[in-house]
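Peer 1:
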Amino acid sequence: MTSSADERSRTRSDLAWAICVGGIGVVLFATLLLFTWHFAATLLLIFTGMLLGVALNALTNALGRFVNLAHPVRLAIVCVVLALLLAGVVYLGGATIADQASALSKTIKSQLGGVKAFLDSHGIDTSFFDIGNTTTPAASDASATTPSHPSLPSAGALASSGGAIVSQTFKLLLGTISAVGNFFIVLFLGLAFAAQPSLYHDGLLFIAPAKMRGRTAIIIDGISETLERWLIAQIIVMLAVGAVTWIGLAVMGIPGSFILGIQAGLLAFIPTVGAIIAGVVVVLASLASGWVAALSALILFLGVHAMDSYVLTPILQRQALDIPPATLFAFQILLGVVFGIWGLALALPLIAIAKVMIDHFKTYEASPRAA
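Each residue of the sequence shown is one higher than the last, beginning at 48 in the numbering used here.
1. Kindly give me the distance between the Cβ atoms of ILE283 and HIS407, rounded to whole angstroms, as I take these residues to be in contact under 8 Å.
2. Could you check the C-alpha separation between MET97 and THR89 for me, to the nearest Å?
3. Assuming VAL329 and ALA315 make a contact with CB atoms under 8 Å, what is their CB distance in whole Å?
4. Using the three-state DSSP reduction, which class does PHE270 fall into: helix, strand or coil?
5. Check this for me: beta carbons of LEU381 and ILE398, under 8 Å apart or not?
6. Let's test the definition: count the other Cβ atoms within 10 Å of the Cβ of VAL339 and tell me whether it reaches 16, buried, or not, exposed.
7. Buried or exposed for PHE82, going by 16 or more other Cβ atoms inside 10 Å?
8. When you compare the segment 269 to 284 with the segment 294 to 306, are there three or more beta-carbon pairs, one atom per stretch, that lie closer than 8 Å?
9. With DSSP collapsed to three states, give me the class of GLY337.
10. Which value, in whole angstroms, describes the spacing of the CA atoms of THR223 and ILE66?
11. Can you tell which of LEU334, LYS258 and LEU391 has the C-alpha that lies nearest to the C-alpha of GLY321?
12. Identify, in the order they occur along the chain, each residue of the same chain with its Cβ nearer than 8 Å to the Cβ of ILE267, setting aside the five sequence neighbours on each side.
13. If you check the beta carbons only, do ALA325 and SER333 fall under 8 Å apart?
14. Can the beta-carbon of ALA257 be found less than 8 Å from the beta-carbon of THR263?
15. Let's test the definition: count the other Cβ atoms within 10 Å of the Cβ of ILE301 and tell me whether it reaches 16, buried, or not, exposed.
16. Can you give the beta carbon distance from THR319 to GLN379, rounded, assuming they're within the 8 Å contact cut?
17. So, at 8 Å on beta carbons, what are the nonlocal neighbours of ASN115 in its own chain, with the 5 sequence-adjacent residues on each side left out?
18. Starting from the N-terminal side, write out each stretch of the alpha helix (DSSP H) that is 4 residues or longer and does not extend beyond the segment 297 to 362.
19. Quick one: what's got a C-beta closer than 6 Å to LEU347's C-beta in the same chain, skipping five residues either side?
20. On a CA-only basis, which of LEU91, GLY72, THR58 and ILE71 is nearest GLY387? Give me that one, please.
21. Within 10 angstroms of the Cβ of LEU236, are there 16 or more other Cβ atoms? Answer buried if so, exposed if not.
22. Between the Cα of MET354 and those of LEU133, LEU307, ASN229 and VAL288, spot the shortest distance and give me the residue it belongs to.
23. If the criterion is Cβ atoms closer than 8 Å, does the pair ILE400 and ILE270 meet it?
24. Between the alpha carbons of SER456 and PHE86, how many angstroms are there, rounded?
25. Could you check the C-alpha separation between ALA239 and ALA102 for me, to the nearest Å?
26. Can you give me the C-alpha to C-alpha distance between ALA241 and TRP64, rounded to a whole angstrom?
27. Return helix, strand or coil for GLN243, following the three-state DSSP convention.
28. I need the boundaries of the alpha helix (DSSP H) containing GLY111, first residue and last residue.
29. Leaving out five residues before and five after ALA394 in sequence, what residues of the same chain have Cβ atoms less than 6 Å from its Cβ?
30. Tell me the rounded alpha-carbon separation between SER356 and ALA373.
31. Please report how far the alpha carbon of GLY337 lies from the alpha carbon of PHE113, in whole angstroms.
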C-alpha cells in the first residue's frame, strides 16, 4: 500500500511539474511572438544587416580562393571595390538617372491618366484609383462661381497654410533622416558581422545549451552556407536581368531605359512579385512610344522573366534552394501583408533559413530510426 501511494504521489508530482513547465513554455512562446510582432521592423532591419554581412563574407571568402591574404585585408579590398563601383555608377549615370527618373514618373502618371480616361469612357468607375484630377467637385464649383478678381488671403488662411507647409516639411525631414539612418545601421551591421564572423558564430554557440551545441553548430553552418550561395547567385541574376533589360529597351528606343534596367535588376531580388512590378512599370513607360513599343517591351519582359525563372535561377540556385514556387509565393504574400515591404523583400531568405532547420531536424530524427 505504501509503495502504491508513493507511486501515485510521484505521478501527481510529475504531472504537476509537466503542467508547470508546459505553462511556462506557452507563456514564453506567446511573449516571443508578441515581442516579434511589436518590434518586427527593427528585427527585419537587423536581419537585413546580417544578410549584408553574409554577402560581404561570401565575397571575401570567394576572393580568398585567388589570393592568400588575411580576412580583414580581403574584406577591405571587397569594400573598396564595391564603393568604387557604386561611385562610378553615380558619377557616370547620376545625372542620367535623375533625368530619366523624372521623365519616367511623368510618363507613368500620364499613362495612368490615359488608362483612367479609357475606363471612364466605357462606364467603369475608377474613383477608387485616386488618379488624375485631384480637384474636388466642391472646389471646382466654387472656382466657377467665385469672381476672378484677386484678393488677399486672410490671416487664418495664411496661418493654416504655413502650418501645413511646416508639417509636410517636418514629415519629409523625418522620413529622410529615418531612411539615411536605416541605411547606415544596415551598413554598420553588415561590416561588423563580416569583419569578425567567427566571433558571432562562437557567441551563438555559447548561448546554446552544452548538449545542443553540436546540433546548433551544424544548423548555423548550414544557414550560413545556404545564404552565401543564394546571395551570390542572386547578385548574378540581378546583374543579368538589369543588363538585358537596359540593353533591350535601349535598342528599342524606349526613353528611360537605363533607370528601367536598374529598377528591373533591383526588383529581381524579390522573386515573382518583383518581376511582375518591373514588367508593369516597363510596359507603362513604353506606352508613350506607341503600342508597338509597348508590345515589344512586353515581349522583352516575358523573355527576361523566362530567362530568370527557367535558366538562371535553376542553374545558379538549384544547389542553394529547392523551394516549390507555390510555397514561396504564399509565404511572400503572408509576410508582405503582415510586415509590408520588408516582409515581401526578405521572404526568400527567411524561408530558406526555416527550410535548413526543418531539413536538419528531419534528418536528425530519421538517423536514429535508421540506426
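We treat Cβ as the ideally placed atom computed from N, Cα and C, and that holds for glycine.
Peer 2: This is what the structure holds:
1. Position 236 of the sequence shown, counted from the start, is the residue given in the question as residue 283. Position 360 of the sequence shown, counted from the start, is the residue given in the question as residue 407. 27 Å between Cβ atoms; not a contact.
2. Position 50 of the sequence shown holds residue 97. Position 42 of the sequence shown holds residue 89. Taking the straight line joining both Cα atoms gives about 12 Å.
3. Numbered from its first residue, the sequence shown carries residue 329 at position 282. Numbered from its first residue, the sequence shown carries residue 315 at position 268. The Cβ separation is near 13 Å, so there is no contact.
4. Numbered from its first residue, the sequence shown carries residue 270 at position 223. Reading off the sequence, residue 270 comes out as Ile, not Phe. Correct three-state label for ILE270: helix.
5. Translated into positions along the sequence shown, residue 381 becomes position 334. Translated into positions along the sequence shown, residue 398 becomes position 351. It is not a contact, given that the beta carbons lie outside the stated cut-off.
6. For the purposes of this step, residue 339 is taken as the residue at position 292 of the sequence shown. Per the 10 Å Cβ criterion, exposed.
7. Here residue 82 corresponds to residue number 35 of the sequence shown, with the count starting at 1. Exposed is the call here.
8. no
9. By 1-based counting over the sequence shown, the position of residue 337 is 290. Correct three-state label for GLY337: coil.
10. Residue 223 sits at position 176 when you count from the first residue of the sequence shown. Residue 66 sits at position 19 when you count from the first residue of the sequence shown. Each residue's Cα considered, the two are about 51 Å apart.
11. Taking the sequence shown and counting its residues from 1, one reaches residue 321 at position 274. Selected option, being the one with the closest Cα: LEU391.
12. The sequence position of residue 267 within the sequence shown is 220, counting from 1. Here the set comprises HIS248, LEU251 and LEU252.
13. Here residue 325 is taken as the residue at index 278 of the sequence shown, counted from 1. Here residue 333 is taken as the residue at index 286 of the sequence shown, counted from 1. Cβ distance not < 8 Å, so ALA325 and SER333 don't count as in contact.
14. Numbered from 1 along the sequence shown, position 210 holds the residue referred to as residue 257. Numbered from 1 along the sequence shown, position 216 holds the residue referred to as residue 263. Cβ atoms of ALA257 and THR263: not closer than 8 Å.
15. Working through the sequence shown from its first residue, we reach residue 301 at position 254. So ILE301 ends up on the buried side.
16. For the purposes of this step, residue 319 is taken as residue 272 along the sequence shown, with counting starting at 1. For the purposes of this step, residue 379 is taken as residue 332 along the sequence shown, with counting starting at 1. Confirmed, Cβ separation roughly 7 Å.
17. In the sequence shown, residue 115 corresponds to position 68, counting from 1. Nothing listed; no residue qualifies.
18. 304 to 314, 320 to 333 and 338 to 354
19. As a first step, residue 347 is located in the sequence shown; it is residue number 300 there, counting from the start. Once the five neighbours on either side are set aside, the close Cβ partners of LEU347 are GLY295.
20. The residue labelled residue 387 in the question sits at position 340 within the sequence shown. Ranking the options by Cα distance to GLY387, first place goes to LEU91.
21. Walking along the sequence shown from the start, residue 236 turns up at place 189. Buried, because 16 or more other Cβ atoms sit within 10 Å of the Cβ of LEU236.
22. If you number the sequence shown from 1, residue 354 lands on position 307. Comparing Cα-Cα distances from MET354 to each of LEU133, LEU307, ASN229 and VAL288, the minimum goes to VAL288.
23. Against the sequence shown, residue 400 aligns to sequence position 353. Against the sequence shown, residue 270 aligns to sequence position 223. The answer is yes: Cβ separation under 8 Å.
24. Outside the modelled stretch of the chain, which goes from 48 to 418, sits residue 456, for which no answer is possible.
25. In the sequence shown, residue 239 corresponds to position 192, counting from 1. In the sequence shown, residue 102 corresponds to position 55, counting from 1. So the alpha carbons of these two residues sit roughly 12 Å apart.
26. By 1-based counting over the sequence shown, the position of residue 241 is 194. By 1-based counting over the sequence shown, the position of residue 64 is 17. Taking the straight line joining both Cα atoms gives about 44 Å.
27. Residue 243 sits at position 196 when you count from the first residue of the sequence shown. Coil.
28. On the sequence shown, residue 111 is found 64 positions in, with the first residue counted as 1. First-last of the alpha helix (DSSP H) with GLY111: 87 to 111.
29. Residue 394 sits at position 347 when you count from the first residue of the sequence shown. Here the set comprises PHE378, GLN379 and LEU382.
30. Your numbering for residue 356 matches position 309 in the sequence shown. Your numbering for residue 373 matches position 326 in the sequence shown. Straight-line Cα distance between these residues: approximately 14 Å.
31. Locating residue 337 in the sequence shown gives position 290, counting from the first residue. Locating residue 113 in the sequence shown gives position 66, counting from the first residue. Distance between the alpha carbons of GLY337 and PHE113: 50 Å.
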